[in-house]
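Have a look at the structure below, then the notes.
Residue numbers (the numbering used here): 235 to 736.
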């Protein structure tokens with residue numbers, strides 16, 4: 235694959251034109267009308283801090299697309315004795331059906347996924363064991379339907395299969411841009427674990443490291459969790475403490491990514507008999523609402539701005555389809571970001587939508603959320619809801635423009651690896667946000683909002699207050715059972731072999 239060059243105008247940021255919301259459906263009544271989301275910019279205080287080595291979303295105008303510099307040579311960035319490494323971070327996934335339960339255990343044992351009060355944190359692993367065993371049968375059915383395991387690792391690791399992979403292609407692109415670099419893959423919850431990748435980085439003697447999470451938008455439950463793990467690893471290792479590094483925490487606003495997504499959408503729209511009548515349905519992985527409203531997670535704001543940028547790019551191509559954004563993959567009793575994908579699909583069917591194009595906006599690789607949840611479950615739901623024609627945009631995978639843009643992001647970050655902030659932000663405005671692992675986490679933690687006062691009145695039904703209390707009651711009941719099991723050594727968890735007998 236040859237890395238495509240960006241346009242000549244890609245040397246500076248530009249702002250998109252004023253966003254023009256389009257009605258999703260003809261307005262028939264107040265209850266049935268629905269308008270496209272009006273996106274607001276991420277508040278600058280989420281990332282604004284000084285003197286951290288962090289480029290700000292506060293330095294970019296609303297709906298500004300970040301363009302790549304036209305880099306012809308990187309000789310001034312790399313000296314002869316330096317060894318450049320790129321660490322790609324991702325979730326990971328089970329390779330076989332036998333891996334499903336231990337993979338789920340690793341997932342739910344992460345305190346950034348399930349947050350327990352300090353008093354109950356000793357129950358994190360028993361709770362993870364309970365949930366993973368309970369969910370494993372249904373998850374195995376999903377993985378079995380896509381071939382027995384997740385394709386995620388095979389897509390992202392250049393060593394595991396004969397076809398083209400993201401890691402391998404990024405490495406090739408970097409070589410074409412005169413940046414010889416080794417690209418490593420670190421998975422959070424399955425092999426190759428991040429710890430394994432770090433050991434290889436040390437063995438190879440890497441001196442400069444660029445950390446690139448393969449999540450376009452930042453969330454404390456994805457990129458944030460991986461960075462927190464890296465922080466712990468770095469602090470415990472003298473070699474890593476002295477190794478210069480920087481992190482690209484999100485890149486949803488880069489021109490190459492936006493155009494690559496627009497290309498895929500435009501191509502899939504062309505497969506419909508009436509492309510202009512198709513509703514573009516962006517489906518993003520959800521997160522608990524409390525992450526956004528109580529913990530200051532920028533994920534929702536970044537996701538909405540990302541969709542806005544893609545639609546602005548399609549506008550320039552005279553593609554003015556109606557569109558909407560919903561969130562999938564909810565688990566547990568607590569409220570997650572809304573609207574939920576399954577509810578939004580049902581509502582569109584009731585409103586007479588006949589043509590729907592699903593866009594997995596938060597996924598850059600195919601895995602169970604795209605191949606099973608979207609392609610099987612949501613497609614079946616759509617057809618039952620009255621939608622006649624269904625399409626789905628493929629994940630970016632190794633799309634050349636996308637891979638080239640990620641390589642550009644790495645090259646652009648190299649001058650700032652290990653460097654402190656400079657006063658001239660304008661000189662760095664075309665870059666993605668940068669920062670070290672410690673700085674980014676410190677920035678997030680310092681901006682974490684105080685939890686609101688608990689709801690004082692118990693409500694029944696499906697109101698937000700009731701759902702909050704229902705979730706708390708369910709969690710307390712589970713914790714009480716776990717405490718009883720751990721302290722007495724008796725109970726159904728021991729009988730089932732989930733917890734070892736004393």
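Where is the CB? At the ideal position from N, CA and C, for every residue including glycine.
Neighbourhood of residue i by C-beta distance below 6 Å, restricted to the same chain and skipping five residues each side
i: residue 522; result: 568, 570
i: residue 509; result: 503
i: residue 417; result: 320, 401, 404, 405
i: residue 467; result: 432
i: residue 420; result: 321, 323, 428, 431
i: residue 464; result: 671
i: residue 498; result: 627
i: residue 595; result: 516, 518
i: residue 457; result: 447, 449, 483
i: residue 373; result: 334
i: residue 691; result: Only weak support is given to the placement of residue 691: the predicted model assigns it a pLDDT of 37, under 50, and the question is left unresolved by the model.
i: residue 644; result: 320, 444
i: residue 441; result: 316, 317
Residue of the options minimising C-alpha distance to residue i
i: residue 443; options: 321, 237, 623, 607; result: 321
i: residue 511; options: 315, 490, 586; result: 586
i: residue 455; options: 445, 423, 436; result: 423
i: residue 504; options: 591, 467, 651; result: 591
i: residue 461; options: 581, 373, 670; result: 670
i: residue 378; options: 328, 626, 446; result: 328
i: residue 625; options: 561, 535, 562, 507; result: 507
i: residue 582; options: 351, 446, 371, 515; result: 515
i: residue 519; options: 459, 419, 572, 352; result: 572
i: residue 333; options: 367, 361, 489, 357; result: 367
i: residue 540; options: 478, 496, 530; result: 496
i: residue 565; options: 482, 603, 483; result: 603
i: residue 628; options: 543, 613, 599, 584; result: 599
i: residue 340; options: 446, 353, 617, 326; result: 326
i: residue 485; options: 447, 436, 649; result: 447
i: residue 439; options: 673, 478, 450; result: 478
i: residue 344; options: 459, 354, 622, 588; result: 459
i: residue 437; options: 445, 473, 414, 426; result: 473
i: residue 588; options: 425, 554, 435, 621; result: 621
i: residue 530; options: 434, 597, 675; result: 675
i: residue 500; options: 536, 471, 555; result: 555
i: residue 414; options: 354, 601, 597, 316; result: 316
i: residue 601; options: 441, 623, 630; result: 630
Cβ shell of residue i (< 7 Å), same chain only, five flanking positions each side left out
i: residue 493; result: 547, 635
i: residue 549; result: none
i: residue 724; result: none
i: residue 534; result: 526, 571
i: residue 552; result: none
i: residue 579; result: 612, 615, 616, 619
i: residue 608; result: 517, 592, 594, 626
i: residue 575; result: 517, 560, 561, 562, 612
i: residue 359; result: 343
i: residue 536; result: 276, 451, 452, 484, 486
CB contact below 8 Å: residue i versus chain C
i: residue 364; result: You won't find chain C in this structure, because it holds only one protein chain.
Close Cβ partners of residue i (< 8 Å) along its chain, the five nearest in sequence each way excluded
i: residue 237; result: 406, 407, 410, 411, 634, 637, 638, 641
i: residue 370; result: 334, 335, 338
i: residue 770; result: Since the displayed the chain opens at 235 and closes at 736, residue 770 lies outside it and no answer follows.
i: residue 342; result: 348, 361, 362, 365, 366
Those residues which DSSP pairs with residue i across a bridge
i: residue 514; result: 557, 591
i: residue 319; result: 416, 443
i: residue 519; result: 562
i: residue 219; result: Residue 219 lies beyond the residue range present for the chain, which begins at 235 and ends at 736; the question has no answer from this structure.
i: residue 300; result: 488
i: residue 574; result: 561
i: residue 324; result: 421
Range of the contiguous beta strand (DSSP E) that encloses residue i
i: residue 418; result: 415–421
i: residue 770; result: An answer regarding residue 770 cannot be provided, because it is not within the stretch 235 to 736 covered by the chain.
Where the alpha helix (DSSP H) through residue i begins and ends
i: residue 552; result: Where residue 552 is concerned, there is no enclosing alpha helix (DSSP H), given that its DSSP letter is neither H nor E.
i: residue 626; result: Looking at the DSSP string, residue 626 is not in any alpha helix (DSSP H); the run it does join, the beta strand (DSSP E), is 623–626.
i: residue 451; result: Residue 451 -> no alpha helix (DSSP H), and no H or E assigned at all.
i: residue 529; result: From DSSP, residue 529 is part of no alpha helix (DSSP H); its letter is neither H nor E.
i: residue 724; result: From DSSP, residue 724 is part of no alpha helix (DSSP H); its letter is neither H nor E.
i: residue 406; result: 400–410
i: residue 642; result: 634–647
i: residue 215; result: Only positions 235 to 736 of the chain appear in this structure, which leaves residue 215 out of reach.
i: residue 465; result: 457–469
i: residue 614; result: 613–618
heavy atom of the ligand PLP below 7 Å from residue i C-beta
i: residue 628; result: No copy of the ligand PLP occurs in the structure displayed, which carries no ligand at all.
If we require 4 or more residues per run, which alpha helix (DSSP H) segments fall completely within the segment 332–368? Secondary structure remark: continuous alpha helix (DSSP H) runs of at least 4 residues inside the segment 332–368, in chain order: 334–342.
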